[in-house]
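When the letters of the sequence shown are read in order and numbered with this note's numbering, they come out as residues 64 to 243. All residues carry an ideal CB built from backbone N, CA and C; glycine is no exception. As structure tokens, the structure follows; a few thoughts come after it.
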Amino acid sequence: MRKNLPLYILLIFLIVVNAFFLYNYLGRGETKQQTNEHRPPGTFLVKELGFDDIQKEQFRALTREHRQKIRGISDDIRELKDVFFGGLSDTASEHINRDSIASLIGDLEATKDLEVYRHFKQVQELCNDSQKEKFGKIIQDALRRGGREQGPPHGNRPDGDRLPRPENRDGIWPPPRPNQ
């Protein structure tokens with residue numbers, strides 16, 4: 064029994080550590096994620112802007128219409144990308160098809176962005192003056208943040224900050240491209 068005592072202690076320690084890990088990983092964290100996932104995206108705007116019942120109903124109708132349009136455009140983009148990347152093995156008309164399909168994908172992405180702009184413009188028209196001011200701040204904040212959460216964490220650099228950007232002599236970044 065004395066020979067195996069360190070093994071028993073190690074075994075008990077590993078069981079406790081595993082139980083703690085499973086509790087934190089599977090138990091408690093999952094409920095927090097589920098509540099965030101099941102909340103419709105528009106509820107943030109409705110809450111922040113303080114929409115009344117009529118505005119809420121108009122907002123829901125706009126959102127349904129917007130989602131249908133975006134879903135249709137996204138489906139078209141997905142089909143074109145399937146054709147685009149499906150042609151990797153086809154070398155006969157590779158260059159012509161690749162450029163035309165990429166151009167079509169770009170046009171659809173632009174259409175999608177215009178639809179998002181149109182939707183937010185319609186939402187802004189639902190707002191009263193004070194709500195329009197709040198809405199503008201929310202949109203500007205979202206644009207400033209942009210894709211910041213999509214990249215790697217900034218903790219790898221000293222102080223977690225970006226390195227300074229080089230500027231051209233006029234102080235404009237990025238510097239203008241020379242004519243080619």
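- Ranked by Cα distance from F122, the first of I133, I136, G105 is G105.
- By the Cβ rule, the segment 183 to 194 does not count as touching the segment 141 to 155, because fewer than three pairs are nearer than 8 Å.
- Assignment of R65 by DSSP, reduced to helix, strand and coil, places it in the coil class.
- Nearest in C-alpha terms to Q203, of all of D170, F183, E188, P69, is F183.
- As the crow flies, the alpha-carbon of L143 is around 56 Å from that of I75.
- The count of Cβ pairs closer than 8 Å, one atom from the segment 161 to 171 and one from the segment 75 to 88, stays below three, leaving the stretches out of contact.
- Under the DSSP assignment, L151 falls outside any alpha helix (DSSP H); it carries neither an H nor an E label.
- Comparing alpha carbon positions, the residue from E111, L189, T126, S137 closest to I201 is E111.
- When the five nearest sequence neighbours on each side are left out, the beta carbons in the same chain lying within less than 7 Å of the beta carbon of Q187 are those of K195, F198, in order along the chain.
- When the Cα atoms are used, S137 and E172 turn out to be separated by approximately 8 Å.
- The three-state secondary structure of G105, taken from DSSP, is helix.
- Annotation for D115: no alpha helix (DSSP H) segment contains it, and DSSP assigns it neither H nor E.
- Y71 and L77 have their alpha carbons spaced roughly 10 Å apart.
- DSSP, reduced to helix, strand and coil, places N81 within a helical segment of the structure shown.
- Collapsing the DSSP output to three states places N191 in coil.
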